[in-house]
Amino acid sequence: MKKTILVIDDSPFVYHQLNGMIEGSDYEVIGSAKSGEEGIELYRQLKPDVIILDIIMPGIDGLETAEIILAEDKDVNIIMLSSLFDANLLSEVKKMGLTFLLPKPLEKDVLFATLEMLEKKQSK
Amino acid sequence: MCDNDVHRILIESFISVLGRLIGSSIEYSAKKIDFLTSKNVLIRTRGNFSACLFFCMDSDFEHTIIECMKGTENGCSNEDDLFVGEFVNILSGHALTKLNNLMGSSSRLSVPEVGALSKGVCEEFQKQYTLCFKSTIGNMRVDVGYEYRL
Numbered sequence: 118m119k120k121t122i123l124v125i126d127d128s129p130f131v132y133h134q135l136n137g138m139i140e141g142s143d144y145e146v147i148g149s150a151k152s153g154e155e156g157i158e159l160y161r162q163l164k165p166d167v168i169i170l171d172i173i174m175p176g177i178d179g180l181e182t183a184e185i186i187l188a189e190d191k192d193v194n195i196i197m198l199s200s201l202f203d204a205n206l207l208s209e210v211k212k213m214g215l216t217f218l219l220p221k222p223l224e225k226d227v228l229f230a231t232l233e234m235l236e237k238k239q240s241k
Numbered sequence: 371m372c373d374n375d376v377h378r379i380l381i382e383s384f385i386s387v388l389g390r391l392i393g394s395s396i397e398y399s400a401k402k403i404d405f406l407t408s409k410n411v412l413i414r415t416r417g418n419f420s421a422c423l424f425f426c427m428d429s430d431f432e433h434t435i436i437e438c439m440k441g442t443e444n445g446c447s448n449e450d451d452l453f454v455g456e457f458v459n460i461l462s463g464h465a466l467t468k469l470n471n472l473m474g475s476s477s478r479l480s481v482p483e484v485g486a487l488s489k490g491v492c493e494e495f496q497k498q499y500t501l502c503f504k505s506t507i508g509n510m511r512v513d514v515g516y517e518y519r520l
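Here the protein sequences come in this chain order: A and B.
Counted the way the numbering used here counts, the first sequence spans residues 118 to 241.
Counted the way the numbering used here counts, the second sequence spans residues 371 to 520.
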């Protein structure tokens, strides 16, 4: 059975990119949300294996969205995504207990290496 | 860090990220470029590096960007502005990352406003200048207003 991904990003770019990258892999995108609010609702309905979550969004941003989802399920697998990825933001993401912050645009090798690390983390 | 460093970082970041996104080279032009019609996108930063960046791109450039980001040539869709906004977000984010890391600061980006009006948008800032870029796929101009505290 394929592992499932939920994309939360106000732009359709990542959704398009991701669908192309994971074609033929063990992953499938089962939902996409254009805001944090919509993303939280979809997460509750779909319970995906991985969430790919953009930080800069209108309304509640990716960090707040992650905080809300983590409060409901501390073991959820979240990959944060941002065009901005400086040392301060990375440390903010780490403080929340999240391990992965990937720069936009996504790169296939980096994405799959990250998914592999998440799998290893889960199997421990 | 001085103003020349800010200019250099913005120019280098824009050229490098553009090359990766569209797979085509673009060069900085010292000569100012004006457009009769253009797609405008405004993005702001807040924090130690406080700025507005007002992007104008001609229609050839805009269409190429959208096609490259969609990965198809499917014509226009109602999501096109979202792709243009994302393009500006990525360009600005990479430049601000470099500035933040150099300045040890934590400035943040706003959500891009596609279709923003141009008149005087960067005038609230003491430092203002214009960066122009030329390429075979079209041209882009970025009006920048900024101030920073170290």
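Even glycine gets a Cβ: it sits at the ideal position worked out from N, Cα and C.
Would residue 217 of chain A pass as an interface residue toward chain B - the criterion being a Cβ-Cβ separation below 8 Å?
no
Ignoring anything shorter than 3 residues, give me the beta strand (DSSP E) runs that lie fully in the region 429–512 of chain B, in order along the chain.
Runs of the beta strand (DSSP E) inside the region 429–512 of chain B: 497–505.
Would you please state the rounded distance, in angstroms, between the beta carbons of residue 180 of chain A and residue 123 of chain A? I believe it to be under 8 Å.
That pair is no contact at about 17 Å.
Can you tell me the Cβ-Cβ gap for residue 210 of chain A and residue 218 of chain A, rounded? I've got them flagged as a contact below 8 Å.
5 Å
Identify the continuous alpha helix (DSSP H) that holds residue 413 of chain B and give its terminal residues.
Run containing residue 413 of chain B: none in the alpha helix (DSSP H); it sits in the beta strand (DSSP E), 409–416.
So residue 460 of chain B contacts chain A; which residues on that side make the cut at Cβ distance below 8 Å?
200, 221 and 222
Quick one: Cα of residue 563 of chain B to Cα of residue 478 of chain B, how far?
The structure shown does not extend to residue 563 of chain B, since chain B spans only 371 to 520, so no value can be given for it.
List, in chain order, every chain A residue whose beta-carbon is nearer than 9 Å to that of residue 464 of chain B.
200, 201, 202, 220 and 221
When burial is assigned at 16 or more other CB atoms within 10 Å of the CB, is residue 119 of chain A buried or exposed?
exposed
Under 8 Å between the Cβ atoms of residue 450 of chain B and residue 460 of chain B?
no
Since residue 385 of chain B contacts residue 396 of chain B with CB under 8 Å, what's their CB separation in whole angstroms?
6 Å
Specify whether the region 121–141 of chain A and the region 220–234 of chain A touch according to this definition: at least 3 beta carbon pairs, one from each stretch, less than 8 Å apart.
Because the criterion of three Cβ pairs below 8 Å is met, the region 121–141 of chain A and the region 220–234 of chain A touch.
Strictly under 8 Å for the Cβ-Cβ distance: is residue 481 of chain B near chain A by that measure?
yes
Name the chain A residues that come within less than 7 Å of residue 455 of chain B, Cβ to Cβ?
128
What residues from the region 145–173 of chain A come within 8 Å of chain B, judged by C-beta to C-beta, listed N to C?
When CB distances to chain B are screened at a threshold of 8 Å, the residues of the region 145–173 of chain A falling below it are 173, in chain order.
Taking Cβ positions, are residue 510 of chain B and residue 426 of chain B nearer each other than 8 Å?
yes
Within 10 angstroms of its Cβ, does residue 183 of chain A collect 16 or more other Cβ (buried), or is it exposed?
Answer is buried; the Cβ neighbour count reaches 16.
Of all the CB atoms in chain B, is at least one closer than 8 Å to the CB of residue 214 of chain A?
Chain B contact via Cβ: absent.
Is the beta carbon of residue 175 of chain A closer than 8 Å to that of residue 148 of chain A?
no
So, using beta-carbon positions, are residue 178 of chain A and residue 172 of chain A closer together than 8 Å?
yes
Between residue 135 of chain A and the rest of its own chain, which residues show a CB-CB distance below 8 Å, the 5 nearest in sequence each way excluded?
Counting only Cβ-Cβ distances below 8 Å, and skipping sequence neighbours, we find 122, 124, 146, 169, 223 and 228.
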